[in-house]
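Chains as they are written, first to last, in the UniProt record's numbering: chain A, 1 to 353; chain B, 1 to 353. Positions of the beta carbon are idealized from the N, C-alpha and C atoms, including for glycine. Remember, it's a predicted structure, so these values are computed and weren't measured experimentally. Input: a single structure, listed below in structure tokens.
There are 2 protein chains.
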Amino acid sequence: MYEHYWQQVGEKTTVVIRGWQHMSYFSDVSNICWFLEPELAKEIVRVHRVVGNAVTEGRHIIVGTGSSQLFLAALFALSPRDGPEPVSVVSQAPFYSSYPSMTDCLKSGLYKWAGDAQSYSKEGPYIELVTSPNNPDGNVRRSVVNRSEGTLVHDLAYYWPQYTPISSPADHELMLFTVSKSTGHAGMRIGWALVKDLEVAKRMIKFIELNTIGVSKDSQVRATKVLKAVSDSSEHAGSWEGVESFFKFSYRVMAERWKLLREAVNSSRIFSVPEYPPAHCNFLNRVFEPQPAFAWLKCERDIDDCESFLRGHKILARGGKHFGVSPKYVRVSMLDRDNNFNLFVKRLSTILL
Amino acid sequence: MYEHYWQQVGEKTTVVIRGWQHMSYFSDVSNICWFLEPELAKEIVRVHRVVGNAVTEGRHIIVGTGSSQLFLAALFALSPRDGPEPVSVVSQAPFYSSYPSMTDCLKSGLYKWAGDAQSYSKEGPYIELVTSPNNPDGNVRRSVVNRSEGTLVHDLAYYWPQYTPISSPADHELMLFTVSKSTGHAGMRIGWALVKDLEVAKRMIKFIELNTIGVSKDSQVRATKVLKAVSDSSEHAGSWEGVESFFKFSYRVMAERWKLLREAVNSSRIFSVPEYPPAHCNFLNRVFEPQPAFAWLKCERDIDDCESFLRGHKILARGGKHFGVSPKYVRVSMLDRDNNFNLFVKRLSTILL
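What follows is the structure in structure tokens.
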């Protein structure tokens, strides 16, 4: 859905890289994150200041190959180094479906997936993943375990004004962001972490060194340009050289899509989607209801396997069991191209029992 | 050292990427490696055909965030899934200094570093890493354990004609390459694996999905252009639109540097470097001695800690113990910019006991 916007922006976000540029492993040897392009760091600080969605003062910025790599780096950094057993990693269900498999993929002796944070009762250190707004269900989240030996990772990939009201700058110990959800550039594989503790930051950087020896310079250069355009367009509230602001565009598209989705859901009477409480967004200076990047659909009545049911109606969705909850739920992307989205709501609205 | 060449090539390897291009996670959903750009795959096959350094027929191509990520993907893919204990990972000393820390970083239950392959005598499955030409010492390598339950990973990052004679196309089960050593573009973080077995390839792809959800599209686009230039320049043996061929340039620079290095080593009488047997290179159609990307210096006489000794003479090098051998050895890069390389040989030649 973001392609349209970037086409309107035109050549302002075109990158040109010569054969002899950005050849080195290194970006800035004076920074602990030696593989972070200084211009990208500046635009990250700037976009958070413009949007008001995260505190960057007193934080170390770490770039990653998408926020996935930073999630793994955070697990590595937060695990006790010589613990008697792997530290438990938990998240409130429904949780992002890749957390369990990413955590347990290598059978690490440092950390281990321990499931739904709400039913977690073990003593000792643990890591809680707080995704807010949440993937898959779009709800605003806080930590739920709240014990002294816990450390928190805040995955804020969707904390942008097209998806949810920006009520205040997030101010946590370790926060993750990514261009794939903020600007739509998933193919760049660029994410960043804002980290308060120096030792944690150093361990995360060490992980990225051992994992991929840094992060693509080419994509960092491109992400710099795209984030700059987001900030530039936001600072010219109405129109930016004839182009509307990025968040006005993306807020409008999401609002239209959620309207169409709710109409389709209501007309079918088989499904429901969550209702979200409206809140004031300091950035857009208006009150609105969250309009998440995913539809978290529930099959009502006696349909127990919503994923299979929808597949029978040519709608691809991911079933609730992947997210640690009932198969009556499914997650459907709200960010596809217009044609695919329109086909989805059309098919959904015509399903009858 | 490669910057000079790419400056000569000029705009032919410039990439231009618009804001709306390459936004998706996906490159080719019809390929098992769904995040591999099809044009990059073509240029990988082509450059190996032009140079004659690897067989690509009957191989699956997997792109990675540098060959580091592919090395980890290979460990994941080759480890028995439900073994009673982690599989042993070995390599003949001196071995690449990052192998132990990369392997043991997460205390994986799947694999575990087990040291020098020459002294490895355990029964059961193992993974042997064969780096040829070897990092750090430049020697041509073969597997040394040679037992039935072993699997091999061939790290062929340096098997290019500027470093070593290309005697025949490498034809192993799992081979790793990277642009950082072939064309000098370390900052791209692009490597590739050539993999015979379909199930191993699928597991490697799964690892990259869980690790970084694919590989930067921007860098893949750029690597495509650079590899194309390498092949184009090679096919115009003498001159390619006024520019010499990539391997003629890089072979010549390495030959000059090794001549200067050997002169400096001889004049100091404190050091030695390995002698390499000459061999015929099918690509350059000449006989030459290997001229590795690293100088593997040995401090003779009673200098036991070569790294500290050189640091005292303002030469930064990595000591032998990192590579599993005596601290009388150090590794020094031969690929730095001209000024730094010249300073290195000058300082080396003037060290007197």
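Closest by C-alpha distance to residue i, when choosing among the options
i: Ala170(B); options: Ala193(B), Phe71(B), Thr183(B); result: Ala193(B)
i: Arg59(B); options: Pro136(B), Thr103(B), Asn342(B), Leu174(B); result: Leu174(B)
i: Asp82(B); options: Arg301(B), Tyr111(B), Asp232(B), Gly214(B); result: Tyr111(B)
i: Lys42(A); options: Thr56(A), Val265(A), Ser30(A), Leu310(A); result: Thr56(A)
i: Tyr163(B); options: Val153(B), His172(B), Lys181(B); result: Lys181(B)
i: Gly10(A); options: Trp113(A), Asp104(A), Val226(A); result: Val226(A)
i: Ile127(A); options: Ile303(A), Leu343(A), Asn146(A); result: Asn146(A)
i: Ala264(B); options: Ala295(B), Phe247(B), Gly242(B); result: Ala295(B)
i: Ser108(B); options: Ser79(B), Pro133(B), Pro125(B), Ala117(B); result: Ser79(B)
i: Leu316(A); options: Asp302(A), Glu300(A), Asp336(A), Asp232(A); result: Asp336(A)
i: Ala279(A); options: Arg311(A), Ser168(A), Leu343(A), Arg331(A); result: Ser168(A)
i: Leu176(B); options: Ala117(B), Glu235(B), Ile44(B); result: Ile44(B)
i: Thr350(A); options: Val332(A), Lys314(A), Ser333(A); result: Lys314(A)
i: Trp160(A); options: Val29(A), Leu70(A), Val179(A); result: Val179(A)
i: Arg311(A); options: Asp302(A), Asp338(A), Met334(A), Phe344(A); result: Phe344(A)
i: Ser268(B); options: Ala255(B), Pro274(B), Glu275(B), Glu300(B); result: Glu300(B)
Nearest-angstrom Cα separation, counted from residue j out to residue i
i: Arg318(B); j: Lys298(B); result: 12 Å
i: Pro165(B); j: Phe207(B); result: 34 Å
i: Arg18(A); j: Ile32(A); result: 27 Å
i: Ser245(B); j: Val230(B); result: 7 Å
i: Ser121(A); j: Pro86(A); result: 16 Å
i: His172(B); j: Ile270(B); result: 40 Å
i: Ala114(A); j: Asp104(A); result: 10 Å
i: Leu348(B); j: Gly187(A); result: 46 Å
i: Leu284(A); j: Arg189(A); result: 28 Å
i: Lys328(A); j: Met102(A); result: 24 Å
i: Asp154(B); j: Asn53(A); result: Reading off the sequence, residue 154(B) comes out as His, not Asp. Their Cα atoms are separated by approximately 47 Å.
i: Val221(B); j: Val15(B); result: 8 Å
i: Ile213(A); j: Glu199(B); result: 27 Å
i: Ser132(A); j: Pro125(A); result: 22 Å
i: Leu152(A); j: Ser68(A); result: 16 Å
i: Asn340(B); j: Cys306(B); result: 20 Å
i: Leu106(A); j: Leu210(B); result: 10 Å
i: Leu261(B); j: Cys281(B); result: 22 Å
i: Gly191(B); j: Leu70(B); result: 7 Å
i: Val144(A); j: Pro84(A); result: 25 Å
Residue i, buried or exposed, once every other Cβ within 10 Å from all chains shown has been counted against 16
i: Phe26(B); result: exposed
i: Thr183(A); result: buried
i: Arg257(B); result: buried
i: Lys259(B); result: exposed
i: Glu123(B); result: exposed
i: Asp218(A); result: buried
i: Asn134(B); result: buried
i: Glu149(A); result: exposed
i: Arg331(B); result: buried
Delimiting residues of the beta strand (DSSP E) encompassing residue i
i: Thr65(B); result: 60–65
i: Tyr329(A); result: 329–333
i: Lys112(B); result: 111–116
i: Leu279(B); result: The displayed chain sequence assigns Ala, not Leu, to residue 279(B). 279–281 is the span of the beta strand (DSSP E), which, as asked, contains Ala279(B).
i: Phe95(B); result: Unbroken run through Phe95(B): none, as it is neither H nor E.
i: Cys299(B); result: 294–299
i: His185(B); result: Run containing His185(B): none; DSSP gives neither H nor E here.
i: His154(B); result: 150–155
Boundaries (first-last residue) of the alpha helix (DSSP H) holding residue i
i: Met204(A); result: 198–212
i: Ile44(A); result: 38–51
i: Ser231(B); result: 217–235
i: Asp104(B); result: 98–104
i: Tyr126(B); result: Tyr126(B) -> not in any alpha helix (DSSP H); beta strand (DSSP E) instead, spanning 126–131.
i: Asp338(A); result: 338–349
i: Arg311(A); result: 306–311
i: Trp258(B); result: 246–268
i: Val179(B); result: 179–182
i: Val15(A); result: Not the alpha helix (DSSP H): Val15(A) falls in the beta strand (DSSP E), residues 15–17.
i: Trp20(A); result: No alpha helix (DSSP H) contains Trp20(A), which DSSP labels as neither H nor E.
i: residue 355(A); result: Residue 355(A) lies beyond the stretch modelled for chain A, which goes from 1 to 353, so this question has no answer here.
i: Gln8(A); result: 3–9
Contact between the stretch 33–44 of chain A and the stretch 61–75 of chain A (3+ Cβ pairs under 8 Å): yes
Any 3 or more C-beta pairs closer than 8 Å across the stretch 18–25 of chain A and the stretch 5–12 of chain B: yes
Sufficient close CB pairs (3 or more, under 8 Å) joining the stretch 286–297 of chain B to the stretch 128–148 of chain B: yes
Touch test, the stretch 322–329 of chain A against the stretch 84–103 of chain A, Cβ-Cβ under 8 Å, three pairs minimum: yes
Sufficient close CB pairs (3 or more, under 8 Å) joining the stretch 246–262 of chain B to the stretch 200–215 of chain B: no
Inter-stretch contact (C-beta, 8 Å, three-pair minimum) for the stretch 39–48 of chain B and the stretch 67–87 of chain B: no
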